[in-house]
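Q: One structure, pasted below without further comment.
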Amino acid sequence: MMTSTPSSTVILQASGLSKRFGGLLANDDISLSLGTETGKVTSVIGPNGAGKSTFFKMLAGFCAPSTGKVHLFGEDITGLAPHKISARGLVRTFQETTIFPELSALEHVALARQLSRRANDLQVFGGTAAARRDEERMRADALEILRFLDLGSVADSVAKTLPHGYLRLLGIAMGMAASPKVLLLDEPYAGLNPDETDRAVELTRKIAASGVSILLVEHDMKAVMKISDTIHVLYFGKKIAEGTPEEIRNNEQVIEAYLGKEDEDIGL
1083 MMTSTPSSTV
1093 ILQASGLSKR
1103 FGGLLANDDI
1113 SLSLGTETGK
1123 VTSVIGPNGA
1133 GKSTFFKMLA
1143 GFCAPSTGKV
1153 HLFGEDITGL
1163 APHKISARGL
1173 VRTFQETTIF
1183 PELSALEHVA
1193 LARQLSRRAN
1203 DLQVFGGTAA
1213 ARRDEERMRA
1223 DALEILRFLD
1233 LGSVADSVAK
1243 TLPHGYLRLL
1253 GIAMGMAASP
1263 KVLLLDEPYA
1273 GLNPDETDRA
1283 VELTRKIAAS
1293 GVSILLVEHD
1303 MKAVMKISDT
1313 IHVLYFGKKI
1323 AEGTPEEIRN
1333 NEQVIEAYLG
1343 KEDEDIGL
């Protein structure tokens, strides 16, 4: 695993991203930078309908921006297909983990590891020794990832038997299998109980400490405040604030926009 180090270029830079769906402006001139130091956790928050999901889709290539640019380590990746963006090191997880019910946790992560395959198609289809060695390497890598995320004990468990909390972590493990430099986590703590959330937050920290830069969308404000280095706030498609958790917690515009009234408690 990597360790947190400064990069010579900006890790991820979104510049003036806008997205229009017919007459609806879902994102309006949003800019965001992850800076040059790897291993930081950046969160994007906002009420429902703020444009967070659309913004994530544009970063990961699932939705082309109407205007604006996305750069990853200085390379313009705007409009590239998701698999090409993933191969460059920006990997997205999803709100719901898509599983093959009869496959084990290890098999899921090994499948996600296919981006690192060294054997060519002819070797794979021919069942050559090189292909078999490659398959063994990918399974070993998958097991290492599961152990890194404290999932080694369920490596051989079939997905349909895993509790929701484990499935959420399995989705993150599958993202890690693609060897991300930047990991986009889409509501990673959704549906988790407090103990599961605490565990997932600690594992998110562990991933960041290994040198992976993390950008997450999350509604659990207590978790966001606990884990984030920087927070960006969206409201009706616009970015209205950026800062540390303490700065966001005390930002009157955020309190009004996000809460509607100042005495409501959402964990800020």
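The numbering used here numbers the first residue of the sequence shown as 1083 and each following residue consecutively. Positions of the beta carbon are idealized from the N, C-alpha and C atoms, including for glycine.
Is it the case that the region 1322-1342 contacts the region 1167-1183, given that we only count it when at least three CB pairs across the two stretches are under 8 Å?
A: no
Q: Which residue from Ala1108, Gly1098, Arg1250 and Arg1102 puts its Cα closest to that of phenylalanine 1318?
A: Ala1108
Q: So the candidates are Asp1158, Ala1255, Ala1260 and Ala1142; which of them puts its Cα closest to the Cα of glutamine 1196?
A: Ranking Asp1158, Ala1255, Ala1260 and Ala1142 by Cα distance to glutamine 1196 puts Ala1260 first.
Q: For phenylalanine 1230, does the three-state DSSP call read helix, strand or coil?
A: helix
Q: With alanine 1132 and leucine 1114 assumed to form a contact (beta carbons below 8 Å), what rounded beta-carbon distance in angstroms separates them?
A: Taking the Cβ atoms as the reference, alanine 1132 lies roughly 14 Å from leucine 1114, outside the contact range of under 8 Å.
Q: Should histidine 1246 be labelled buried (16 or more other beta-carbon atoms within 10 Å of its own) or exposed?
A: exposed
Q: Which word fits leucine 1267, buried or exposed, when buried means at least 16 other C-beta atoms lie within 10 angstroms of its C-beta?
A: buried
Q: Leaving out the 5 sequence neighbours to the left and right, which residues in its chain are closer than 8 Å to threonine 1124 when beta-carbon positions are compared?
A: Leu1114, Leu1116, Ser1295, Ile1296, Leu1297, Leu1298, Ser1310, Asp1311, Thr1312, Ile1313 and His1314, listed in sequence order.
Q: Exposed or buried, which one is leucine 1188 when buried takes at least 16 other CB atoms within 10 Å?
A: buried
Q: Please state the DSSP three-state secondary structure of alanine 1146.
A: coil
Q: What does the alpha-carbon distance come out to for the pair glycine 1273 and methionine 1303?
A: 14 Å
Q: Just list the beta strand (DSSP E) runs in the region 1167-1194, keeping only unbroken ones of 3 residues or longer that don't cross its boundaries, in chain order.
A: 1172-1174
Q: Assign threonine 1312 to one of three DSSP states: helix, strand, or coil.
A: strand
Q: Cutting at 7 Å between CB atoms, please list the residues of its own chain near aspartate 1232, excluding the five before and the five after it.
A: Leu1285
Q: Look at the alpha carbon of alanine 1291 and the alpha carbon of alanine 1237, and state the distance between them as a whole number of angstroms.
A: So the two alpha carbons sit approximately 23 Å from each other.
Q: For a test of the three-state rule: what should DSSP assign to aspartate 1268, helix, strand or coil?
A: strand
Q: Would you call the CB atoms of valine 1264 and isoleucine 1227 closer than 7 Å?
A: no
Q: Roughly how many angstroms lie between the CA atoms of proline 1351 and proline 1276, to the nearest whole one?
A: Nothing about residue 1351 can be read from this structure; the chain reaches only from 1083 to 1350.
Q: Which residues in the same chain as alanine 1323 place their Cβ atom closer than 7 Å to its Cβ, once the five residues preceding and following it in sequence are excluded?
A: Only Val1315, Ile1330, Asn1333, Gln1335 and Val1336 meet the Cβ criterion.
Q: Express the C-alpha separation of glutamate 1157 and serine 1100 in angstroms, rounding to a whole number.
A: 19 Å
Q: Roughly how far, in whole angstroms, is the beta-carbon of valine 1092 from the beta-carbon of histidine 1153, given that I think they are within contact range, below 8 Å?
A: 7 Å
Q: Using a Cβ-Cβ cutoff of less than 7 Å, which residues in the same chain neighbour proline 1164 once the five nearest sequence positions on both sides are dropped?
A: In chain order, Ala1142, Gly1143 and Phe1144 place their CB closer than 7 Å to the CB of proline 1164, counting only its own chain and leaving out the 5 sequence neighbours on each side.
Q: Just mark serine 1235 as buried or exposed, buried being the case when its beta carbon has 16 or more other beta carbons within 10 Å.
A: exposed
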